[in-house]
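Numbering (UniProt numbering), first residue to last: 1 to 345.
Where a beta carbon is used, it is the ideal one built from N, C-alpha and C, also for glycine.
Reviewing the structure listed below.
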Amino acid sequence: MSPPIYAIMLSSLATGTIITMTSYHWLMAWIGLEINTLAIIPIISTSHNPRSTEAATKYFLTQAAASATILFSSMLNAWQTGTWDITQMSYLPSNLLLSMALAMKLGLAPLHFWLPEVLQGSTLFTALIIVTWQKLAPMSLIYLTINNLNPTTLLILGLLSSTIGGWGGLNQTQTRKIMAYSSIANLGWMATIATIMTNLMIMNLLIYLVMTTALFSFLILSKSKTIQDTTMTWALSPTMTIMMTFLLLSLGGLPPMTGFAPKWLILEELTTQNLIPLAILMAIFSLLSLFFYTRLAYTTTLTLSPNTLQTKFKWRFKQTLSTPLITILSTMAIFLLPLTPLMLM
């Protein structure tokens, strides 16, 4: 794809998300979602192979179905209440339809099946866009309609997502699929806390975006598409190897890294709301996610020669990504835990 066309696609992608985030009318929100979907389809299918074409088709079908469901639920609500205002979703069937549609948009379980497949068919940079930027528009709609959404539905979706996000990632060898299941698990935590404390959901989303962007930057830089590829990261940059290990442990939610803060605060809030069984289950299932992060950290840092004689050494080419950006993101993703009280204000 030529650079001007690529720039137009990326700007359309940004425009679609911003239209959805700033609209109060359901039709405008739907138009934003459609612009967003249509802009990313060519980006997914840039590498001309059957896998990327399949990924683009799957993405288009799921997102189109979710957008149509959102439009249908808003029409039902307008039919019953006479208003198209996003914040006035008071009709119960509309709310349930909207919850399911947004779950499909985000890739929450049990509507998550498209996400690992689409990521596996995309390039690492496109996968980064799908698991970070593409979550902003649906999350903003959840934020706007949170007073009317059914709390039980969101809690069940959240628990299922954290469970399946943990289980699904255990048997994967592809880094993109691991990141897809990581995304499902993290979004499950956000869905769980959404109806109870929205500022915690926003804080969790921001920390998730920083951590995922930093890790994907390292994967893009080292061209690591499988777990075996990560074993040769030390040949590329020893510093990056150490940072990547801490970053993976932060994503797993280990103290004293940044990723511990949202999990800690969400579990505390669930306990305060007397949802103790849910808090226990969420904590147990987060251990599953921690296992595959730890496995990646192990292969990245602790598996050195002569265990990797079968893999070829990487050439140290000129870097294409901005090193200061990666440094800032990875530092934020690891060392922000002491600033937790300031982030909540």
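Exercise for review: Return the residue from the list L97, T83, I40, R295 that minimises the CA-CA distance to A65.
Suggested key: Position 65 of the sequence shown holds residue 65. Minimum Cα distance to A65 is reached at L97.
Hey, I193 and E268 are a contact pair by Cβ (cut 8 Å); roughly how many whole angstroms apart? Here residue 193 corresponds to residue number 193 of the sequence shown, with the count starting at 1. Here residue 268 corresponds to residue number 268 of the sequence shown, with the count starting at 1. With 8 Å as the limit, I193 and E268 do not qualify as a contact, their Cβ atoms being about 10 Å apart.
| Pick from L329, I227, L325: whose alpha carbon is nearest that of L302? | Here residue 302 refers to the residue found at position 302 of the sequence shown. Here the closest residue by C-alpha is I227.
| query | What's the C-alpha gap between T258 and M211? | reply | The residue given as residue 258 occupies position 258 in the sequence shown. The residue given as residue 211 occupies position 211 in the sequence shown. Each residue's Cα considered, the two are about 9 Å apart.
Element boundaries [alpha helix (DSSP H), containing Y143]: Taking the first residue of the sequence shown as 1, we reach residue 143 at position 143. Start and end: 136 to 145.
Quick one: using the 10 Å Cβ neighbour count with 16 as the cut-off for buried, is P262 buried or exposed? For the purposes of this step, residue 262 is taken as residue 262 along the sequence shown, with counting starting at 1. Result: buried.
Provide the residue(s) that pair with T226 in DSSP beta bridges, ordered along the chain.
The count along the sequence shown starts at 1 and reaches residue 226 at position 226. Q174.
Q) Going straight from the alpha carbon of S140 to that of G32, what length do you get? A) In the sequence shown, the residue the question calls residue 140 occupies position 140. In the sequence shown, the residue the question calls residue 32 occupies position 32. Between S140 and G32, the C-alpha separation is close to 12 Å.
Requested in this report: State the Cα-Cα distance for the pair T52 and F72, rounded to the nearest angstrom.
Outcome: Within the sequence shown, residue 52 is the residue found at index 52, counting from 1. Within the sequence shown, residue 72 is the residue found at index 72, counting from 1. This sequence places Ser at residue 52; Thr is not what is there. Cα-Cα distance, rounded: 30 Å.
* Compute the Euclidean distance between the alpha carbons of Q273 and I196, then round it to the nearest angstrom. => The residue given as residue 273 occupies position 273 in the sequence shown. The residue given as residue 196 occupies position 196 in the sequence shown. Q273 and I196: Cα-Cα distance of roughly 8 Å.
Need the endpoints of the alpha helix (DSSP H) that L336 sits in, please.
Within the sequence shown, the letter at position 336 stands for residue 336. Segment: none, L336 is in no alpha helix (DSSP H) and carries neither H nor E.
Exposed unless 16 or more other CB atoms sit within 10 angstroms - verdict on H25: Taking the first residue of the sequence shown as 1, we reach residue 25 at position 25. Exposed, by the Cβ-count rule.
**Prompt:** Does the region 204 to 220 come close enough to the region 164 to 172 that 3 or more CB-CB pairs lie under 8 Å?
**Reply:** no
- Message: Among Q134, P151, P138, T123, whose alpha-carbon lies nearest the alpha-carbon of K225?
- Response: For the purposes of this step, residue 225 is taken as the residue at position 225 of the sequence shown. Nearest of Q134, P151, P138, T123 to K225, Cα basis: T123.
- Task: For A127, collect the residues of the same chain with a Cβ closer than 6 Å to its Cβ; drop the 5 residues on either side in sequence, then sort them by chain order.
- Result: Locating residue 127 in the sequence shown gives position 127, where the first residue counts as 1. Taken in chain order, the residues that qualify are L119, R176.
Please return the same chain residues whose Cβ sits closer than 6 Å to the Cβ of F60, not counting the five positions on each side in sequence.
Locating residue 60 in the sequence shown gives position 60, where the first residue counts as 1. Cβ within range, chain order: I41.
Tell me whether W79 is buried or exposed, calling it buried when 16 or more other Cβ atoms sit within 10 Å of its Cβ. As a working mapping, residue 79 is identified with position 79 in the sequence shown. Flag for W79 reads exposed.
Legend entry - Option in L111, F216, T145, L144 with minimal Cα separation from I184: Position 184 of the sequence shown, counted from the first residue, corresponds to residue 184. When only C-alpha atoms are compared, the closest one is L111.
| request: My understanding is that T163 touches F285, with C-beta atoms under 8 Å, so please give their C-beta distance in whole angstroms. | output: The residue given as residue 163 occupies position 163 in the sequence shown. The residue given as residue 285 occupies position 285 in the sequence shown. With a Cβ gap of about 5 Å, T163 and F285 count as contacting.
query: Starting from P277 and walking both ways along the alpha helix (DSSP H), at which residues does that stretch end?
result: Within the sequence shown, numbered from 1, the residue matching residue 277 stands at position 277. Element bounds for P277: 276 to 297.
(message) From the DSSP secondary-structure annotation, give me the bridge partner or partners of H25.
(response) Within the sequence shown, the letter at position 25 stands for residue 25. Paired residues: D85.
| So what's T123 in DSSP terms, helix, strand or just coil? | Counting from 1 along the sequence shown, the entry for residue 123 is found at position 123. T123 falls in the coil class under three-state DSSP.
Run the CB neighbour count on L149, radius 10 Å, all protein chains shown included, and call it buried at 16 or more, exposed below.
As a working mapping, residue 149 is identified with position 149 in the sequence shown. With 16 or more other Cβ atoms within 10 Å, it is buried.
(request) Output yes or no for whether 8 Å exceeds the beta carbon distance between P151 and L106. (result) As a working mapping, residue 151 is identified with position 151 in the sequence shown. As a working mapping, residue 106 is identified with position 106 in the sequence shown. No. Outside cutoff.
query: Roughly how many angstroms separate the alpha carbons of G253 and F260, rounded to a whole number?
result: Sequence index remark: in the sequence shown, residue 253 carries index 253 (1-based). Sequence index remark: in the sequence shown, residue 260 carries index 260 (1-based). Using only the alpha carbons, I get a separation of about 4 Å.
Note to self: Within 10 Å of its beta-carbon, does I326 have 16 or more other beta-carbons around it, so buried, or fewer, so exposed?
What the structure shows: Translated into the one-based positions of the sequence shown, residue 326 becomes position 326. The residue in question, I326, is buried, as its Cβ has 16 or more Cβ neighbours within 10 Å.
Out of T22, E34, S330, which has the shortest C-alpha to C-alpha gap to T62? If you number the sequence shown from 1, residue 62 lands on position 62. Selected option, being the one with the closest Cα: E34.
Can you tell me the Cα-Cα spacing of D229 and M21, whole angstroms?
Residue mapping note: residue 229 aligns to position 229 of the sequence shown, counting from 1. Residue mapping note: residue 21 aligns to position 21 of the sequence shown, counting from 1. Approximately 38 Å, taken between the alpha carbons.
### Message
Let's test the definition: count the other Cβ atoms within 10 Å of the Cβ of A7 and tell me whether it reaches 16, buried, or not, exposed.
### Response
Within the sequence shown, the letter at position 7 stands for residue 7. Counting Cβ neighbours within 10 Å, A7 comes out exposed, since fewer than 16 surround it.
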